[in-house]
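Here the structure is laid out as structure tokens; the discussion comes afterwards.
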Amino acid sequence: NTKHYQMQLTLLPTVLLNITCLYCGLFNDALPSTDGRKHKFLRSGKLPIPTQDQDNSHVITVTVDDNTPLGPFQRQRFVERNVTVFDPAYNGKGQSKRPLVLAYHGVMSDSETMRQLTQLDREAKDRGWVAAYPQGEWTYFRKMTNWNGAGCCSQGQDDISFTKVMIEHMVEHFNVDENKVYVTGVSNGGFMVYRLLCEMGHRESGKPWIAAASVHSGLLGAWNADFSSCSISTETPLVHFHGLADPIVNTTGKAESKAEFGLPFPPVTKAEWKSVNASVDYVAEAMCGSSVITSTSKPTESTTCHQMCHGKVEYCMVEELQHMWSGCSNKTLNMYDPHHATNVDATKYFADSFERHRKNESD
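The numbering used here numbers the first residue of the sequence shown as -18 and each following residue consecutively.
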């Protein structure tokens, strides 16, 4: 009725404000500005983009044919999306095609922060790779940047199409090997990586779009607990890192209809999140038909890694680590790891796993 409708309109700004404040505190790892405050891009819609070519960085814009359903209707729209690219050998002549690693940031964060958090530029420079940091879409009245991941955190954009268009652009313009595309993501970006594993599928050549993947502090989820669209490739290895003390994306997952953080936030509430064990088991069952642990290792005293499918699927649990990037030593970031000196450097660990896959494919 009219009274109920007016009440909903009155409550909506308050709910959005509460959600924004909560997620800012828990998820946002935006870089501080020189005066110690957070960047204002979350409020203004502007991104802290590096200057082109100063450090072999390039901000590119791709146009995505986005066919995201709007309720019962199908809509078509063309959306411009941004990607920050670090290419240490840009315009190199006579070079062979290079691997590409895509890094997906968390909710209410941005591509430049993901770059600072992971330090993947370092690995790209040392290994001759291209590193790309896609920017999540603005949703919820342009108050939140996020990905339409596997059960988190919006359904308002087609990030599968965005990823495919982005890869094609990189193959054409940055001399990238289409068969050596690796992906990583943290938090909401980790949920996005799981969705890529589920839905990217194979190219016309029969090769998977994604050659190898890694996830940090994300899970395999699904809207309305419907996992029917998840068809994991048997050819894409996975490494999953998670903090045992993560209070945001808990290792035990979340049941459908459960309100996280005490808020009835539909993009979270109506999704089921599998536990860490169930997430990696799902991938392993698809990969080799078994989720039996075939080996266990301890790269540091605080980190235990379990391998399945003879190393093609692996998950590493880090003691006392909260919703942080293992090994991050940058104190200006919210996802800074206070135990970085003793914890595994997740960036190097992921890069090493991609390198092993690349060599195995070459043999």
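C-beta atoms are modelled at their ideal positions from N, C-alpha and C, and glycine is treated no differently.
Local Cβ density within 10 Å of residue i, reported as buried at 16 or more and exposed below that
i           : result
residue 332 : buried
residue 84  : buried
residue 270 : exposed
residue 111 : buried
residue 341 : exposed
residue 96  : buried
residue 315 : buried
residue 161 : buried
residue 246 : buried
residue 59  : exposed
residue 80  : buried
residue 109 : exposed
For residue i, three-class secondary structure by DSSP
i           : result
residue 97  : helix
residue 41  : strand
residue 360 : Not covered by the structure: residue 360. The range shown for the chain is -18 to 344.
residue 273 : coil
residue 193 : strand
residue 331 : helix
residue 342 : helix
residue 81  : strand
residue 404 : Because the chain spans -18 through 344 in this model, residue 404 falls outside it and cannot be assessed.
residue 61  : strand
residue -6  : Reliability of the predicted coordinates at residue -6 is poor, the pLDDT of 41 falling under 50, and the value obtained from them is presented with this limitation in mind. The answer is helix: DSSP assigns residue -6 an H, G or I state.
Pick from the options that is closest to residue i, judged by C-alpha positions
i           : options            : result
residue 142 : 176, 306, 112, 163 : 176
residue 194 : 139, 126, 214      : 214
residue 190 : 211, 247, 144, 293 : 144
residue 126 : 169, 284, 163      : 169
residue 262 : 247, 173, 293      : 293
residue 91  : 69, 64, 275, 80    : 64
residue 227 : 115, 306, 119, 93  : 306
residue 89  : 79, 250, 128       : 128
residue 296 : 159, 86, 334       : 334
residue 311 : 69, 60, 49, 99     : 99
residue 61  : 70, 68, 47, 338    : 47
residue 223 : 209, 211, 196, 267 : 196
residue 148 : 137, 164, 138, 136 : 164
residue 171 : 267, 260, 79       : 260
residue 182 : 250, 212, 337, 107 : 212
Counting beta carbon pairs with one atom in the segment 249 to 264 and one in the segment 215 to 235, are three or more of them shorter than 8 Å?
In the pairwise beta carbon analysis, the segment 215 to 235 is classified as touching the segment 249 to 264: at least three pairs are separated by under 8 Å.
Counting Cβ pairs closer than 8 Å, one from the segment 39 to 47 and one from the segment 292 to 303, do we hit at least three?
In short, these stretches do not touch, since the Cβ pair count stays below three.
Those runs of the alpha helix (DSSP H) which lie wholly inside the segment 100 to 176 and span at least 4 residues:
Every alpha helix (DSSP H) stretch that sits fully inside the segment 100 to 176 and reaches 4 residues is listed by chain position as 101 to 108, 140 to 154.
Across the segment 123 to 142 and the segment 194 to 206, are there enough close Cβ pairs to call them in contact, namely three or more that are closer than 8 Å?
Yes, they touch.
Are there three or more Cβ pairs, one per stretch, closer than 8 Å when the segment 306 to 326 is compared with the segment 268 to 287?
Contact annotation: the segment 306 to 326 touches the segment 268 to 287, with at least three C-beta pairs closer than 8 Å.
Just to confirm the assignment: which complete alpha helix (DSSP H) runs, minimum length 4, are found wholly within the segment 215 to 298?
Entirely contained in the segment 215 to 298, the alpha helix (DSSP H) runs reaching 4 residues are, in chain order, 247 to 250, 257 to 269.
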